[in-house]
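Participant:
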Amino acid sequence: MTQPKTSQELFARLEELGIEQRTVTHPPVFTVEEAKAHRGSLRGTHVKNLFLRNKKGRMWLVVAPEDLTIDLKRLGRQIGAGHVSFGSADRLMQYLGVTPGAVTPFGLINDGQQAVTVVIDDGVLACDPIHFHPLRNDMTTAIAGEDLLAFLRACGHEPTVVTIERVAEG
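The working numbering puts the sequence shown at residues 85 to 254.
#1: Starting from L233, trace the alpha helix (DSSP H) in both directions and tell me its first and last residue.
#2: For the alpha helix (DSSP H) containing F95, list its first residue and its last residue.
#3: Reducing DSSP to helix, strand and coil, say where L180 ends up.
#4: With distance defined between alpha-carbon atoms, name the residue in A210, T115, T86 and A234 nearest to H217.
#5: For a quick check, are the C-beta atoms of D231 and V146 less than 9 Å apart?
#6: Determine the extent of the beta strand (DSSP E) in which L156 is found, giving its start and end residues.
#7: My understanding is that E170 touches L94, with C-beta atoms under 8 Å, so please give their C-beta distance in whole angstroms.
#8: Over the uninterrupted beta strand (DSSP E) stretch that includes R137, give me the two end residues.
#9: Consult DSSP for P189 and reduce its assignment to one of helix, strand or coil.
#10: Between which two residues does the beta strand (DSSP E) harbouring S169 extend?
#11: Which same chain residues, not among the five before or five after T247, have their C-beta less than 6 Å away from its C-beta?
#12: Rank T188, H167 and A119 by C-alpha distance to the C-alpha of M177 and give the top, closest one.
#13: Could you check if D195 is buried or exposed, using at least 16 other CB atoms within 10 Å of its CB as the buried criterion?
#14: Which of helix, strand or coil does DSSP assign to A226?
#15: Please name the residue in I227, V202, R220 and N221 whose C-alpha comes closest to that of L134.
Below is the structure:
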């Protein structure tokens, strides 16, 4: 396995692609709640990223609005994956080059085999900019939605944009 890309290599790739970004540093965060506590007033879309696998070993990266409640059973059916569960830390490092807490679509820069299928909830693209960890969880990088799509395509990943079934609260 090759060494995963660094944040600096990611930033260089974004610049090479003509993608403007703005990055802020903060204490490491591992949950949406921790991210909310440290981000201050960064406007735009904030997300959660789910690294999933099915029983056949196929993998998905699901990008959804941070406050969306997701039923994994329903999501698995919706994306044609069947039963899904969270991918292991080893698999996460192997395919996306990140550790738990730093899951990000930017990790697809490390998936040269295009082994991971990308699914984006259409609500994510509704409000620019979109905020992601730049391969580590002590920084947050903002880019435009159209630039996210351009980055994914440059990495060889054509994302599937869907409306993830909402779970009724209550």
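All residues carry an ideal CB built from backbone N, CA and C; glycine is no exception.
Here the structure is a predicted model, which means the values were calculated and not measured.
Facilitator: Reading off the structure:
#1: Your numbering for residue 233 matches position 149 in the sequence shown. G229 to A238 is the span of the alpha helix (DSSP H), which, as asked, contains L233.
#2: Residue numbering aside, residue 95 sits at position 11 when the sequence shown is read from its first letter. Looking at the DSSP string, the run of the alpha helix (DSSP H) that includes F95 is S91 to E100.
#3: Along the sequence shown, one-based indexing puts residue 180 at 96. When secondary structure is reduced to three states using DSSP, L180 falls in the helix class.
#4: Here the question's residue 217 lines up with position 133 in the sequence shown. Closest option to H217, Cα to Cα, is T115.
#5: By one-based count along the sequence shown, residue 231 stands at place 147. By one-based count along the sequence shown, residue 146 stands at place 62. Not a contact, by the Cβ cut-off of 9 Å.
#6: Within the sequence shown, residue 156 is the residue found at index 72, counting from 1. Taken as a continuous stretch (DSSP letters only), L156 belongs to no beta strand (DSSP E), being part of the alpha helix (DSSP H) at L156 to Q162.
#7: Taking the sequence shown and counting its residues from 1, one reaches residue 170 at position 86. Taking the sequence shown and counting its residues from 1, one reaches residue 94 at position 10. Strictly speaking, residue 170 in this sequence is Phe, with Glu absent from that position. With a Cβ gap of about 23 Å, F170 and L94 do not count as contacting.
#8: Along the sequence shown, one-based indexing puts residue 137 at 53. Its beta strand (DSSP E) spans residues T129 to N138.
#9: For the purposes of this step, residue 189 is taken as the residue at position 105 of the sequence shown. If DSSP states are grouped into helix, strand and coil, P189 belongs with the helices.
#10: The sequence position of residue 169 within the sequence shown is 85, counting from 1. Counting along the chain, the beta strand (DSSP E) containing S169 begins and ends at V168 to F170.
#11: Taking the sequence shown and counting its residues from 1, the one referred to as residue 247 is at position 163. Cβ neighbours of T247 beyond the five flanking positions: D206.
#12: Taking the first residue of the sequence shown as position 1, residue 177 is located at position 93. Residue T188 is the option with its Cα nearest to M177.
#13: Position 111 of the sequence shown, counting from 1, holds the residue named residue 195. When all chains shown are included, D195 counts as buried.
#14: Sequence index remark: in the sequence shown, residue 226 carries index 142 (1-based). In this structure, A226 counts as strand in the three-state DSSP scheme.
#15: Along the sequence shown, one-based indexing puts residue 134 at 50. Comparing Cα-Cα distances from L134 to each of I227, V202, R220 and N221, the minimum goes to V202.
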